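With my numbering applied, the sequence shown covers 68 to 326.
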Amino acid sequence: MPPTPETVEVDFITPRHLAGGGDPAWVTVPLHRASGWSYGDDPLMPRVLLSSPDQKALLRLEPDPDDQWWTLHHAAEPNRPAWYASFGARTPVELIAAVTDALTDPAAPASDAPCDPYRTLRQVGWSPYGDDGLVSPDKTAYVERLGTPADPGAWFVTVTVGTHQKVWQARFGAHTPPPLVAAFTAALADPRPVHRTDSGRSLPTLAPDIVTRKTTDVLAVYVAGALEDRVRSLSARHTTTPTAPIPSRQAPPRHGRSR
68 MPPTPETVEV DFITPRHLAG GGDPAWVTVP LHRASGWSYG DDPLMPRVLL
118 SSPDQKALLR LEPDPDDQWW TLHHAAEPNR PAWYASFGAR TPVELIAAVT
168 DALTDPAAPA SDAPCDPYRT LRQVGWSPYG DDGLVSPDKT AYVERLGTPA
218 DPGAWFVTVT VGTHQKVWQA RFGAHTPPPL VAAFTAALAD PRPVHRTDSG
268 RSLPTLAPDI VTRKTTDVLA VYVAGALEDR VRSLSARHTT TPTAPIPSRQ
318 APPRHGRSR
């Protein structure tokens, strides 16, 4: 009798901005293996440094209880001053990955291409907030841009629960290319759940009227292979000749239950 396939209990969580940080490897491993970013670390410090092949961009992951955990710095270019983006510890890695995927996409639009980071949010029902911002329908996420139309400033994305208890914040400097901000807001607006295997510890709240968890037993091979599939998919963007489509692993749920 063949052995019973091993399964892992996975939580599929919505809204995704309240799913917790997730596994940093979802961001760092594809940057290194699919996009050629080099890495350095300090054995005496709990941090990760990744630099782009052209040495213009540096991603730093450094746990800091009083500041942002993720920081992306990009050097000045002929058509754009230096810029930065930073993300708090509980920013879902899927949202950060949307930015790094867009930054490393060889087919991406020019950094100065016209782009409205608010567009996708409006399409899914976000409403006006403050002088130049939007708030999610559940009032737990806020996106706003400082400054004025004549002199626009930095972007702030803030997620809260309860009586405005801050869960995480993302910041984009005034000169961050709009397509990168738009990639982040599009991922933020995505209604699809994200999966976590440690949500009991990572979720900022378990309130069922705020967060929905559907727990499913998934074959361990699919859970382990998700990152490899992602690396292969992103690597294919850099090929110069057409390649056969990469088959996507389907993870059929075994037993689903909502919490």
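Glycine residues also receive a C-beta, built at the ideal position from the N, C-alpha and C atoms. It should be emphasised that the depicted structure is a prediction, and the values quoted were computed from it without experimental measurement.
T227 sits in a strand when the DSSP states are folded into three classes. Each of A221, V202, P145, S118 was checked against the Cα of L170, and the nearest Cα belongs to S118. For V94 against V160, the beta-carbon gap comes to about 5 Å, under 8 Å, which counts as contact.
Contact annotation: T74 and V285 have beta-carbon atoms nearer than 8 Å. For A256, the closest C-alpha among the options P173, D131, S194, D121 is that of S194. Contact check for W104 and T243: beta-carbon distance about 19 Å, past the 8 Å limit, so the pair fails to qualify.
The Cβ atoms of A287 and A165 lie no closer than 8 Å to each other. Residue nearest to T207 within the set Y185, G220, T230 is T230 (criterion: CA-CA distance). Excluding its 5 nearest sequence neighbours in each direction, A221 has C-beta neighbours in its own chain below 7 Å: L213, R238, F239, G240, A241, listed in chain order. A residue is called buried when at least 16 other Cβ atoms come within 10 angstroms of its Cβ; Y106 does not meet this threshold and is exposed. Non-local C-beta neighbours of S203 in its own chain, meaning closer than 6 Å and more than five positions away in sequence, comprise W193, ordered along the chain.
Q236 and L116 have their C-alpha atoms roughly 21 Å apart. Annotation for A293: the continuous alpha helix (DSSP H) segment containing it runs 287 to 302. In chain order, L125, Y151 place their CB closer than 6 Å to the CB of H140, counting only its own chain and leaving out the 5 sequence neighbours on each side. When secondary structure is reduced to three states using DSSP, S119 falls in the coil class, being assigned neither helix nor strand. A check of alpha carbon separations from T306 across S102, H84, D90 identifies S102 as the nearest.
In summary, D121 is exposed, with fewer than 16 beta-carbon neighbours lying within 10 Å of its beta-carbon over all protein chains present. At the C-beta level, R147 and D179 come within 8 Å of one another. In the three-state reduction of the DSSP assignment, R127 falls in the strand class, which pools E and B. Considering only D172, L128, P173, the residue with the shortest C-alpha distance to S153 is L128.
The residue from D199, D78, W136, L162 with its alpha-carbon nearest to that of V210 is D199. In the structure shown, S269 adopts helical secondary structure according to DSSP, grouped into three states.
The Cβ atoms of V261 and V96 lie no closer than 8 Å to each other.
Boundaries around D78 are those of the beta strand (DSSP E), 74 to 81, since no alpha helix (DSSP H) includes it. Contact between G87 and S269 holds: their C-beta atoms lie close to 3 Å from each other, under 8 Å. Assignment of beta-bridge partners to P219 by DSSP yields G214. Between A92 and K123, the beta carbon gap of about 23 Å keeps them out of contact (Cβ cut-off 8 Å).
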